[in-house]
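Student:
There are 4 protein chains.
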Amino acid sequence: MATQKSKQPAPDATRRSEKSRRAIYDAALDLVAEVGYPRTTVEGIAARAGVGKQTIYRWWSSKAEVLLEAFLDLSEQAAQQAAPGQAYAIPDTGDLAADLKAVLRMTVDQLKDPRFEAPSRALAAEGVVNEQVGRVFVAKLLEPSLQLYVDRVRAAQEAGQVRPEVDPRIALELWVSPLAQRWLQYTGPISYDYTDTLVDYALHGLAPR
Amino acid sequence: MATQKSKQPAPDATRRSEKSRRAIYDAALDLVAEVGYPRTTVEGIAARAGVGKQTIYRWWSSKAEVLLEAFLDLSEQAAQQAAPGQAYAIPDTGDLAADLKAVLRMTVDQLKDPRFEAPSRALAAEGVVNEQVGRVFVAKLLEPSLQLYVDRVRAAQEAGQVRPEVDPRIALELWVSPLAQRWLQYTGPISYDYTDTLVDYALHGLAPR
Amino acid sequence: MATQKSKQPAPDATRRSEKSRRAIYDAALDLVAEVGYPRTTVEGIAARAGVGKQTIYRWWSSKAEVLLEAFLDLSEQAAQQAAPGQAYAIPDTGDLAADLKAVLRMTVDQLKDPRFEAPSRALAAEGVVNEQVGRVFVAKLLEPSLQLYVDRVRAAQEAGQVRPEVDPRIALELWVSPLAQRWLQYTGPISYDYTDTLVDYALHGLAPR
Amino acid sequence: MATQKSKQPAPDATRRSEKSRRAIYDAALDLVAEVGYPRTTVEGIAARAGVGKQTIYRWWSSKAEVLLEAFLDLSEQAAQQAAPGQAYAIPDTGDLAADLKAVLRMTVDQLKDPRFEAPSRALAAEGVVNEQVGRVFVAKLLEPSLQLYVDRVRAAQEAGQVRPEVDPRIALELWVSPLAQRWLQYTGPISYDYTDTLVDYALHGLAPR
DNA sequence: CGTTAAGCGAGACGGTACGTCATGTCTTAAC
DNA sequence: GTTAAGACATGACGTACCGTCTCGCTTAACG
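Top line first, the protein sequences correspond to chains A, B, C and D. Numbered by UniProt numbering, the letters in the first sequence go through residues 1 to 209 in order. Numbered by UniProt numbering, the letters in the second sequence go through residues 1 to 209 in order. Numbered by UniProt numbering, the letters in the third sequence go through residues 1 to 209 in order. Numbered by UniProt numbering, the letters in the fourth sequence go through residues 1 to 209 in order.
1. I'd like to know whether the C-beta atoms of threonine 44 of chain A and leucine 29 of chain A end up nearer to each other than 7 Å.
2. In the structure shown, what three-state DSSP assignment does tryptophan 175 of chain D receive?
3. Below 9 Å on C-beta distance, what does isoleucine 170 of chain B contact in chain A?
4. Answer yes or no: do glutamine 181 of chain D and serine 177 of chain C have a C-beta to C-beta separation smaller than 7 Å?
5. What is the rounded straight-line gap between the Cα of proline 11 of chain D and the Cα of tyrosine 57 of chain D?
6. Within the same chain, show all residues whose beta-carbon is closer than 7 Å to that of threonine 93 of chain A, passing over the 5 residues directly before and after it, in chain order.
7. Return helix, strand or coil for valine 51 of chain D, following the three-state DSSP convention.
8. Within its chain, find whatever has a CB closer than 6 Å to the CB of arginine 105 of chain C; leave out the 5 residues flanking it on each side and keep chain order.
9. Expressed to the nearest angstrom, what Euclidean distance is found between the alpha-carbon atoms of alanine 2 of chain A and valine 66 of chain A?
10. Please confirm if the region 59 to 77 of chain A is in contact with the region 149 to 159 of chain A, defined as three or more CB-CB distances below 8 Å between the two stretches.
11. Give a yes or no on whether the C-beta atoms belonging to leucine 206 of chain D and leucine 148 of chain C are separated by under 7 Å.
12. To which residues of the same chain is threonine 195 of chain B closer than 8 Å at the C-beta, ignoring the five residues directly before and after it?
13. Assuming the contact rule is C-beta atoms closer than 8 Å, valine 129 of chain C and alanine 125 of chain D should be a hit. Round their C-beta distance to whole Å, please.
14. Can you look up alanine 2 of chain A in the DSSP assignment and give me helix, strand or coil?
15. In chain C, which residues lie with their C-beta within 9 Å of the C-beta of proline 208 of chain D?
16. Please check if any C-beta of chain C sits within less than 7 Å of the C-beta of serine 6 of chain D.
17. Under 8 Å between beta-carbons, which chain D residues line up against tyrosine 37 of chain C? List them in chain order, please.
18. Got a sec, what are the start and stop residues for the alpha helix (DSSP H) serine 62 of chain D sits in?
19. Buried or exposed: which applies to glutamine 185 of chain A, given that a residue is buried once 16 or more other Cβ atoms fall within 10 Å of its Cβ?
20. Given alanine 97 of chain B, which residues of its chain have a CB within under 8 Å of its CB, disregarding the five upstream and five downstream residues?
21. Any residues in the region 104 to 138 of chain C with a beta carbon nearer than 8 Å to a beta carbon of chain D? Which ones, in chain order?
22. Among residues of its own chain, excluding the 5 on either side of valine 51 of chain C, which ones have a beta-carbon nearer than 7 Å to its beta-carbon?
23. Which two residues bound the contiguous alpha helix (DSSP H) that contains threonine 195 of chain C?
24. Anything in chain B within Cβ reach of glutamine 81 of chain A, meaning under 7 Å, just list it in chain order.
25. With a threshold of 6 Å, establish whether the CB of alanine 33 of chain C neighbours any heavy atom of the ligand HEM.
26. Applying the 10 Å Cβ sphere with the 16-neighbour rule, what's the burial state of leucine 120 of chain A?
27. Among residues of its own chain, excluding the 5 on either side of phenylalanine 137 of chain D, which ones have a beta-carbon nearer than 6 Å to its beta-carbon?
28. Specify the secondary structure class of threonine 40 of chain D as computed by DSSP and reduced to three states.
29. Can you tell me whether tyrosine 88 of chain A is buried or exposed, with buried defined as 16 or more other CB within 10 angstroms of its CB?
30. Could you give the first and the last residue of the continuous alpha helix (DSSP H) run that contains glycine 127 of chain A?
31. For the candidate residues D/Arg16, D/Lys112, D/Lys140, whose alpha-carbon lies nearest to that of glutamine 54 of chain D?
32. Determine whether the beta carbon atoms of proline 208 of chain D and arginine 163 of chain C lie at a separation below 7 Å.
33. Please decide whether leucine 148 of chain C counts as near chain D, where near means a Cβ-Cβ distance under 7 Å.
34. Going by Cα to Cα distance, which pick from D/Leu141, D/Ala118, D/Asp113, D/Pro189 is closest to tyrosine 37 of chain D?
35. Between B/Ala27, B/Thr14, B/Ile190, which has its C-alpha nearest lysine 112 of chain B's C-alpha?
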């Protein structure tokens, strides 16, 4: 590859301290949970992690990036714990409505888990205003989850429970986006009833049949 | 509503300089459009407005609040210009789908208008992470617009075009939230086709009829 | 008829509020005594005096001037109380040394009176760095006191107790200045013994006779 | 002496930038000379020195302290230049009066040297009102000079030219303090004649012999 | 004796500087 | 050669006062 004449003389990743990386992730997540994203600082993360500031700047370019990776890491760990060694998928009992409702109820619970709430809210906010972060956030965290819905809807189409001309990628937004917006923007309360209703409206439409 | 508990002995609003207020609004909106929200500073707003910093801090407590009011003011002006002296409403031609599609196409255009995009994105982001700002943003800007959909859906219910047991406040989220999320989080492109599709899916459901 | 549009349109002294002037003097002296000169502000004086800031700026041009006049006023009052209706003078018992020692002992006491110490120290300091204030301070406060020594030394010359070629204005500095410097600059302690010694040295010289 | 009780965790002096320190001294002295002490600001010193404000606040706690050290440094340099590697002393020709007159004439010149006048006047003023600064100013700058007079007077006592019971520390104030007061407080002009007269009066007294 | 123009209290205003905090870069010593 | 530590230049923060400028409201002199 071309040798960079960049500011950083291209750190050698093989020598990287794994212990520091972990400590930085933990410190970042803890601080965001404790004092909120805006009052979390690179200096604070370094101090809490027992690490020099330069060690952070060597490997990341902003606190948003640090938090993004830290949260990615957290999510992977959580996924590993939930279903070790296997890909996560939406159950397929043959009843699309029931399956969607079940998954959405789990999502409602997760959105209220404080361990997840603070950092994901922070990242979402940063992503709104910082397109680069936003795209990574979506690509690495959001899309993989949405893809599961795509798969499930496609299965339902094959089973004749969803009209064949429906675009699954758009379909899933009928329940995912309303929930996301209520959570992100405080536009309304979040409950099992609410998500159940969304699924019903989405599947059967508003118009009388 | 609630009385202030601030340190300052409550400035006398009757003596407030209208000229300064306007200049601050303009400077705030311009700066957000030019350099983005994070790099917009209170100091910068003051300098651009030709105003002392204290004049800003006397009347607002953060740059988020300044921008919120500035944007509110801008919206009111825009509304006045669009439809002077009358309340805005969604047209009712008798065809719900057509009416919704028409309005959503206008929304798509507005979301791409740079004069609106920068500040509203900034405020949305701030609102995600700062609940107080978020709630004001929703109450003052979002809800009034959403209420128009509630009214239109209710009319459709009376006309027998929407099932009577449907909750209009939830119904509208089937098209509003997907659009909002794509715009806010860069989860997908925004187009007339897309919003048209949303309306169709929402009204007729995914399931075969 | 058309008065100047100069900075100050020359305020009409006859309409001046005596009550405000007194309140300002009191507030200024109190504040200097309580929080020290540097932390005394025009705003603070106005607030404590229950007076608008403009009322201060109408009649004085700086806090130094305010304090200078306040202290002048205080001194006059004190002088009136000490010796109502008559000019103050150094006693002339015929014994120059004794007379000087007596007066200097009184000066020592006065220098330690907190009511006088704070403002006079403040004014002296301001005068060091602000020649205009310094000259007024000297002319209005210091010189009149020094003149009393000039008179007394001249009387001693006529009585043959001081050499005729001695310049009384310089002579008095032999005891006044050392005391002043110790007080102003903390170059040494101040006591009756010290001032007594100064008088002896000054009158009889250091050289053996 | 006393340990610090500051908030900052005690900066590491070994890492201190010598270049910055010098630049700060120079900037401080220049600014005081150019615009006067009251209009010299920490911000201005930092800007002129090409230094961050924090670098000043890290090592000093006020502009008075900065100037004090800057002036101390200047004095040491000047002393080094004048008499490299040796202690300064008042000459002893055997004629006390002549020696004192000679030294005082040099002092008169120095007091009129603008390079010295502005900062020393500023520090003296600050010291009048700020006892801590005053005591350092006296201990570090004034007393060492005065001690030279003490030594010379003591030598004169041993030579029988000054009465043995005279306290040299007080004796020197007979000429030093008058000169100091005239300079500090503008109580009179300063000239060779004046200082010569002071020495004569001090040595021989005012009273006829 | 009522008019009216000044001084007055109050305080908002455009500014300057404060002292603090965090940024991102750089240097040093320890490993 | 990465690391912890932390000094550095930069620049924004939010506060305190500056000195100027309106506001109504006394209040005293005059017409």
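Glycine is no exception: its CB is placed at the ideal position from the N, C-alpha and C atoms. No experiment lies behind these values; they were computed from the predicted model shown.
Tutor: Reading off the structure:
1. Your numbering for residue 44 of chain A matches position 44 in the first sequence. Your numbering for residue 29 of chain A matches position 29 in the first sequence. In the sequence as displayed, the identity of residue 44 of chain A is glycine instead of threonine. No. Outside cutoff.
2. Here residue 175 of chain D corresponds to residue number 175 of the fourth sequence, with the count starting at 1. In the structure shown, tryptophan 175 of chain D sits in a helix (DSSP, three-state: H, G or I).
3. Translated into positions along the second sequence, residue 170 of chain B becomes position 170. Residues of chain A passing the Cβ test: Pro178, Gly188, Tyr194, Thr197, Leu198, Tyr201.
4. Against the fourth sequence, residue 181 of chain D aligns to sequence position 181. Against the third sequence, residue 177 of chain C aligns to sequence position 177. Note that the C-beta distance between glutamine 181 of chain D and serine 177 of chain C is below 7 Å.
5. The count along the fourth sequence starts at 1 and reaches residue 11 of chain D at position 11. The count along the fourth sequence starts at 1 and reaches residue 57 of chain D at position 57. Each residue's Cα considered, the two are about 11 Å apart.
6. Here residue 93 of chain A corresponds to residue number 93 of the first sequence, with the count starting at 1. Non-local C-beta neighbours of threonine 93 of chain A in its own chain, meaning closer than 7 Å and more than five positions away in sequence, comprise Asp99, ordered along the chain.
7. Looking up residue 51 of chain D in the fourth sequence gives position 51. It is coil, neither helix nor strand.
8. For the purposes of this step, residue 105 of chain C is taken as residue 105 along the third sequence, with counting starting at 1. Cβ within range, chain order: Tyr192.
9. Counted from its first residue, the first sequence places residue 2 of chain A at position 2. Counted from its first residue, the first sequence places residue 66 of chain A at position 66. Low confidence applies here, because alanine 2 of chain A scores a pLDDT of 41, under 50, leaving its location unreliable; read the following figure in that light. The straight-line gap from Cα to Cα measures roughly 26 Å.
10. Too few Cβ pairs lie closer than 8 Å, so no.
11. In the fourth sequence, the residue the question calls residue 206 of chain D occupies position 206. In the third sequence, the residue the question calls residue 148 of chain C occupies position 148. Taking 7 Å as the Cβ cut-off, leucine 206 of chain D and leucine 148 of chain C do not qualify as a contacting pair.
12. Residue numbering aside, residue 195 of chain B sits at position 195 when the second sequence is read from its first letter. Shown here for threonine 195 of chain B: same chain residues with a beta carbon closer than 8 Å to its own, the five before and five after excluded, namely Lys101, Leu104, Arg105, Thr107, Val108, Trp175, Leu179 in chain order.
13. By 1-based counting over the third sequence, the position of residue 129 of chain C is 129. By 1-based counting over the fourth sequence, the position of residue 125 of chain D is 125. Taking a contact as a CB-CB distance under 8 Å, the pair valine 129 of chain C and alanine 125 of chain D counts as one, their CB atoms being some 4 Å apart.
14. The residue labelled residue 2 of chain A in the question sits at position 2 within the first sequence. Low confidence applies to alanine 2 of chain A: its pLDDT is 41, below 50, so where it sits in the model is not reliable enough to give any reading.
15. On the fourth sequence, residue 208 of chain D is found 208 positions in, with the first residue counted as 1. Under the 9 Å cutoff, chain C gives Gly160, Gln161, Val162, Arg163, Pro164.
16. Locating residue 6 of chain D in the fourth sequence gives position 6, where the first residue counts as 1. Model confidence at serine 6 of chain D stands at a pLDDT of 41, short of 50, so the residue's coordinates are unreliable and nothing is read from them.
17. Residue numbering aside, residue 37 of chain C sits at position 37 when the third sequence is read from its first letter. Ordered by position in chain D, the residues that pass the 8 Å Cβ test against tyrosine 37 of chain C are Val129.
18. What you label residue 62 of chain D is simply residue 62 of the fourth sequence in a count that begins at 1. Where serine 62 of chain D is concerned, there is no enclosing alpha helix (DSSP H), given that its DSSP letter is neither H nor E.
19. Stepping through the first sequence from its first residue, residue 185 of chain A is reached at position 185. It counts as buried.
20. Within the second sequence, numbered from 1, the residue matching residue 97 of chain B stands at position 97. Taken in chain order, the residues that qualify are Val199, Asp200, Leu203.
21. The region 104 to 138 of chain C vs chain D, Cβ under 8 Å: Arg121, Ala122, Ala124, Ala125, Glu126, Gly127, Val128, Val129, Asn130, Glu131, Gly134, Arg135, Phe137, Val138.
22. The residue labelled residue 51 of chain C in the question sits at position 51 within the third sequence. Excluding residues within five positions, the ones whose Cβ falls inside 7 Å are Ser20, Ala23, Ile24.
23. Translated into the one-based positions of the third sequence, residue 195 of chain C becomes position 195. Per DSSP, threonine 195 of chain C belongs to the alpha helix (DSSP H) from 192 to 204.
24. Counting from 1 along the first sequence, the entry for residue 81 of chain A is found at position 81. Neighbours of glutamine 81 of chain A on chain B: none; closest Cβ ~27 Å, over 7 Å.
25. The ligand HEM is not part of the structure shown, which contains no ligands of any sort.
26. Residue numbering aside, residue 120 of chain A sits at position 120 when the first sequence is read from its first letter. Here residue 120 of chain A turns out to be serine, not leucine, going by the sequence shown. Buried is the call here.
27. In the fourth sequence, the residue the question calls residue 137 of chain D occupies position 137. Hits under 6 Å: Leu123, Gly127.
28. Within the fourth sequence, the letter at position 40 stands for residue 40 of chain D. Threonine 40 of chain D carries a coil assignment under DSSP once its states are collapsed to helix, strand and coil.
29. Locating residue 88 of chain A in the first sequence gives position 88, counting from the first residue. When all chains shown are included, tyrosine 88 of chain A counts as exposed.
30. Within the first sequence, residue 127 of chain A is the residue found at index 127, counting from 1. It spans 114 to 129 - the alpha helix (DSSP H) in which glycine 127 of chain A sits, taken as one unbroken run.
31. Within the fourth sequence, numbered from 1, the residue matching residue 54 of chain D stands at position 54. Of D/Arg16, D/Lys112, D/Lys140, the residue nearest in Cα terms is D/Arg16.
32. As a working note, residue 208 of chain D is residue 208 in the fourth sequence. As a working note, residue 163 of chain C is residue 163 in the third sequence. Yes, these two residues count as a Cβ contact at 7 Å.
33. Walking along the third sequence from the start, residue 148 of chain C turns up at place 148. Contacts with chain D at 7 Å (Cβ-Cβ) do not include leucine 148 of chain C.
34. In the fourth sequence, residue 37 of chain D corresponds to position 37, counting from 1. Of D/Leu141, D/Ala118, D/Asp113, D/Pro189, the residue nearest in Cα terms is D/Ala118.
35. The residue given as residue 112 of chain B occupies position 112 in the second sequence. Distances from the alpha-carbon of lysine 112 of chain B to those of B/Ala27, B/Thr14, B/Ile190 put B/Ile190 closest.
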